[in-house]
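Asks:
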Amino acid sequence: MLFSLSPTTVFSLFFSVVIITLLVSKLRRGPGPPEPPTVHVPLLSILRHGSQLLEHLAVQNLDSTPHGIFTASFFFGLFKAYVVTSPEVTLQIQSRSSARDFSFVPFFFLTNMGGTRGDSFGKLIGDDGGVTFKGDFHDAHVTNLTLGVKHDGLMDQVVQAASVFVERLQAEVGTEGKNLDIWLWLKEAGAVSVGRAIWGPRSPYSVNEGLWEDLWTFVRWYEPMKCTIAGVVPWASEGTKARDRVTAAFYQFALEGSASMSSPLAQSREKCFMNRGLNDAELAACAISMSVGQIQLVSLVYSAIARITQYPGLLDRIRQEIDAQGEESDFTQTAGKCPLLLSAVHETLRLGSLGVTIRNVLADHEITMKGDGTTYQLRKGGMVWASGRAIHGSPVVHRDPECFVPGRFLAYRFPETQIPEAFRTFSGGGNICLGRHVARDAATCLVAIMLMRFDYTPAEAGGLNIPDLSTFAFQQGISHPTGNTTVNVRARRG
Numbered sequence: 007m008l009f010s011l012s013p014t015t016v017f018s019l020f021f022s023v024v025i026i027t028l029l030v031s032k033l034r035r036g037p038g039p040p041e042p043p044t045v046h047v048p049l050l051s052i053l054r055h056g057s058q059l060l061e062h063l064a065v066q067n068l069d070s071t072p073h074g075i076f077t078a079s080f081f082f083g084l085f086k087a088y089v090v091t092s093p094e095v096t097l098q099i100q101s102r103s104s105a106r107d108f109s110f111v112p113f114f115f116l117t118n119m120g121g122t123r124g125d126s127f128g129k130l131i132g133d134d135g136g137v138t139f140k141g142d143f144h145d146a147h148v149t150n151l152t153l154g155v156k157h158d159g160l161m162d163q164v165v166q167a168a169s170v171f172v173e174r175l176q177a178e179v180g181t182e183g184k185n186l187d188i189w190l191w192l193k194e195a196g197a198v199s200v201g202r203a204i205w206g207p208r209s210p211y212s213v214n215e216g217l218w219e220d221l222w223t224f225v226r227w228y229e230p231m232k233c234t235i236a237g238v239v240p241w242a243s244e245g246t247k248a249r250d251r252v253t254a255a256f257y258q259f260a261l262e263g264s265a266s267m268s269s270p271l272a273q274s275r276e277k278c279f280m281n282r283g284l285n286d287a288e289l290a291a292c293a294i295s296m297s298v299g300q301i302q303l304v305s306l307v308y309s310a311i312a313r314i315t316q317y318p319g320l321l322d323r324i325r326q327e328i329d330a331q332g333e334e335s336d337f338t339q340t341a342g343k344c345p346l347l348l349s350a351v352h353e354t355l356r357l358g359s360l361g362v363t364i365r366n367v368l369a370d371h372e373i374t375m376k377g378d379g380t381t382y383q384l385r386k387g388g389m390v391w392a393s394g395r396a397i398h399g400s401p402v403v404h405r406d407p408e409c410f411v412p413g414r415f416l417a418y419r420f421p422e423t424q425i426p427e428a429f430r431t432f433s434g435g436g437n438i439c440l441g442r443h444v445a446r447d448a449a450t451c452l453v454a455i456m457l458m459r460f461d462y463t464p465a466e467a468g469g470l471n472i473p474d475l476s477t478f479a480f481q482q483g484i485s486h487p488t489g490n491t492t493v494n495v496r497a498r499r500g
């Protein structure tokens with residue numbers, strides 16, 4: 007029996023298997039160009055950086071890989087990932103991929119994030135590798151989130167729901183003002199308002215007092231919760247319990263038939279899951295992944311307010327821009343009519359978001375560098391990780407990349423498609439974020455409302471904390487503040 011062997015013998019057997027596996031792998035490769043330069047990743051780095059490891063490696067090796075691509079090798083080469091830091095290589099790979107060809111990762115995210123039990127993952131994959139579900143899911147989001155009538159309707163719902171919280175805050179702080187933890191206030195207002203816009207008046211976040219706190223508790227514990235042993239997370243039980251309370255609320259939401267009052271987006275999304283055979287409990291768990299949108303929106307609104315109010319003269323310029331739209335200005339149209347504010351929001355995203363582009367290598371594939379003709383081969387089964395953070399922080403791509411430059415994107419309404427080589431927040435190509443228009447426009451109009459309705463003065467030395475990507479727990483999204491979030495808020499007159 008294996009357990010009767012000495013530790014030395016067990017280690018020797020393991021090491022032998024590793025060596026044989028590597029040799030067989032090399033023999034199978036045959037002739038052809040080499041893989042990109044290899045960076046061997048020590049175990050300590052894996053333990054230290056967790057889900058941020060590949061982003062850390064991308065930034066760390068930005069200047070040491072001449073062609074902007076390298077092979078991250080783990081566990082003696084048993085697992086590899088091709089990490090891309092170059093806009094040129096990112097666009098080359100992006101142009102050769104399909105919206106319907108991607109890895110199991112999104113399926114796993116949709117089901118596992120909510121703690122589903124049973125075979126939700128298998129149901130989505132089905133007999134065709136997930137092609138049917140991916141197509142239906144993609145079409146549902148394109149139909150409901152593309153700029154147009156449905157987009158505008160969802161925006162109206164967001165603003166209407168948020169107005170209730172804004173009016174309540176105006177009455178609370180008055181024109182004399184008071185100190186407010188604006189991050190805490192935004193977490194509640196954002197979760198409840200966006201939840202109502204998506205799931206309707208009977209949204210679980212509206213009818214269950216304090217459920218928004220459970221959502222944010224889950225977010226805080228999400229990183230350690232991913233490190234499980236047989237599904238048990240003793241070191242993150244607080245996050246597990248909070249997540250289960252959210253899914254229980256959505257389960258009750260489904261049983262009551264309240265989903266019929268949801269937005270067209272939520273109903274279309276639910277139909278995709280139901281067509282794959284998911285039951286009410288599994289549908290409730292999948293709602294967690296959609297709630298991430300609320301989290302990201304709040305993070306962006308906070309970060310934009312913090313940056314704009316602390317940048318000399320910028321707040322006045324943006325207010326003048328909004329005022330120029332007239333007294334009856336429609337805040338839902340702010341993104342299209344206020345280029346300086348929109349540019350500041352895009353710059354906030356550049357500095358505070360992770361925009362990873364992930365692809366699977368479906369067959370051995372060669373890429374050639376335009377500069378010197380060097381050719382590399384990407385092996386079938388490998389994963390490509392194109393880092394948006396590396397591009398956003400590259401001095402080759404952006405002048406003074408570490409600085410907040412409000413007007414950097416003044417010339418662009420949609421930088422993710424107009425200058426995809428420089429702006430990667432929403433990924434790109436066939437797998438570009440389908441909710442980007444609603445996310446950007448909702449955040450911009452909410453920032454505009456908060457800037458026009460309130461004045462802000464520092465409550466503590468140093469002002470509001472600017473979020474730091476180094477503490478962010480997700481592989482995609484916008485970073486959260488980790489320092490002071492208290493500011494003196496005063497309702498503006500008129």
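Residue numbering for the sequence shown follows the working numbering, starting at 7 and increasing by one per position.
Glycine residues also receive a C-beta, built at the ideal position from the N, C-alpha and C atoms.
All values reported here derive from a predicted model rather than from experimental measurement.
1) At the level of alpha carbons, what is the spacing between threonine 44 and leucine 360?
2) Can you tell me whether arginine 499 is helix, strand or coil according to DSSP?
3) Assign threonine 181 to one of three DSSP states: helix, strand, or coil.
4) Nearest-angstrom Cα distance between glycine 394 and isoleucine 75?
5) Would you identify the three-state DSSP class for alanine 392, choosing helix, strand or coil?
6) The beta strand (DSSP E) spanning glutamine 339 covers which residue range?
7) Specify whether the segment 324-332 and the segment 380-399 touch according to this definition: at least 3 beta carbon pairs, one from each stretch, less than 8 Å apart.
8) If you compare alpha carbons, which of Glu41, Gly38, Leu84 is closest to valine 47?
9) By the 10 Å Cβ neighbour count, where 16 or more other Cβ atoms means buried, how is glutamate 408 classified, buried or exposed?
10) How big is the Cα-Cα spacing for leucine 53 and phenylalanine 81?
11) Thinking glycine 388 and tyrosine 88 are a contact (beta carbons under 8 Å), I'd like their distance in whole angstroms, please.
12) With respect to the beta strand (DSSP E) encompassing tyrosine 382, which residues constitute its N-terminal and C-terminal limits?
13) Report buried or exposed for leucine 153, applying the criterion of at least 16 other Cβ atoms within 10 angstroms of its Cβ.
14) For a test of the three-state rule: what should DSSP assign to aspartate 406, helix, strand or coil?
15) For arginine 251 and aspartate 286, which I take to be in contact (beta-carbon distance under 8 Å), what is that distance rounded to the nearest angstrom?
16) So what does leucine 63 bridge to, in DSSP terms?
17) In the DSSP output, which residue or residues are listed as bridge partners for glutamate 372?
18) Could you say which of Thr181, Trp218, Phe224, Asn214 lies nearest to alanine 197 if we only look at CA atoms?
19) Considering only DSSP beta bridges, list what phenylalanine 85 is partnered with.
20) If alanine 167 sits next to arginine 202, beta carbons under 8 Å apart, how far is it from one beta carbon to the other, in whole angstroms?
21) Kindly give me the distance between the Cβ atoms of threonine 450 and leucine 321, rounded to whole angstroms, as I take these residues to be in contact under 8 Å.
22) Please list, in chain order, all residues of the same chain as alanine 412 whose beta carbon is under 7 Å from its beta carbon, the five residues on each side excluded.
23) Considering only their Cβ atoms, is the gap separating proline 421 from alanine 293 smaller than 9 Å?
24) Distance, Cα to Cα, aspartate 370 vs arginine 102?
25) Who are the near neighbours of alanine 272 in its chain, counting only those whose CB is closer than 6 Å to its CB and skipping five residues on each side?
26) If I follow the unbroken beta strand (DSSP E) through tyrosine 462, where does it start and stop?
27) Closest by CA to leucine 475, which one among Pro464, Gly468, Thr463, Gly489?
28) State the CB to CB distance for the pair phenylalanine 337 and isoleucine 455, rounded to an integer number of angstroms; the pair is presumed to be in contact (CB under 8 Å).
29) Quick one: Cα of glutamate 262 to Cα of glycine 358, how far?
30) If we count the other Cβ atoms within 10 Å of its Cβ and call it buried at 16 or more, is alanine 445 buried or exposed?
31) So, is phenylalanine 9 buried or exposed, given that buried needs 16 or more other C-beta atoms within 10 angstroms?
32) What whole-angstrom Cβ distance do arginine 419 and glycine 342 have, given they're in contact under 8 Å?
33) Is glutamate 41 near arginine 385, with beta carbons less than 9 Å apart?
34) Going by the DSSP bridge assignment, what does arginine 323 pair with across the sheet?
35) Can the beta-carbon of arginine 365 be found less than 9 Å from the beta-carbon of glutamine 100?
36) Measure the alpha-carbon distance for alanine 73 versus phenylalanine 432 and round it to whole angstroms.
Replies: Result, derived from the coordinates:
1) 24 Å
2) coil
3) coil
4) 13 Å
5) strand
6) Where glutamine 339 is concerned, there is no enclosing beta strand (DSSP E), given that its DSSP letter is neither H nor E.
7) no
8) Leu84
9) exposed
10) 13 Å
11) 6 Å
12) 381-384
13) exposed
14) coil
15) Rounded, the Cβ-Cβ distance is 16 Å, inconsistent with contact.
16) For leucine 63, which the question treats as bridged, DSSP gives no partner whatsoever.
17) Gln383
18) Trp218
19) Phe80
20) 4 Å
21) The pair is not a contact, with the Cβ atoms about 15 Å apart (cut-off 8 Å).
22) With the sequence shown as reference, residue 412 is identified as proline, and alanine is not the correct amino acid for it. Only Tyr317, Leu320, Leu346, Ser349, Ala350, Glu353 meet the Cβ criterion.
23) no
24) 13 Å
25) Ile204, Trp205
26) 460-464
27) Gly489
28) 5 Å
29) 39 Å
30) buried
31) Residue placement at phenylalanine 9 cannot be trusted, given a pLDDT of 42 that sits under 50; the coordinates are not used to answer.
32) 7 Å
33) yes
34) DSSP output for arginine 323 lists no bridge partner at all.
35) yes
36) Residue identity differs from the one stated: residue 73 is histidine in this sequence, not alanine. Using only the alpha carbons, I get a separation of about 23 Å.
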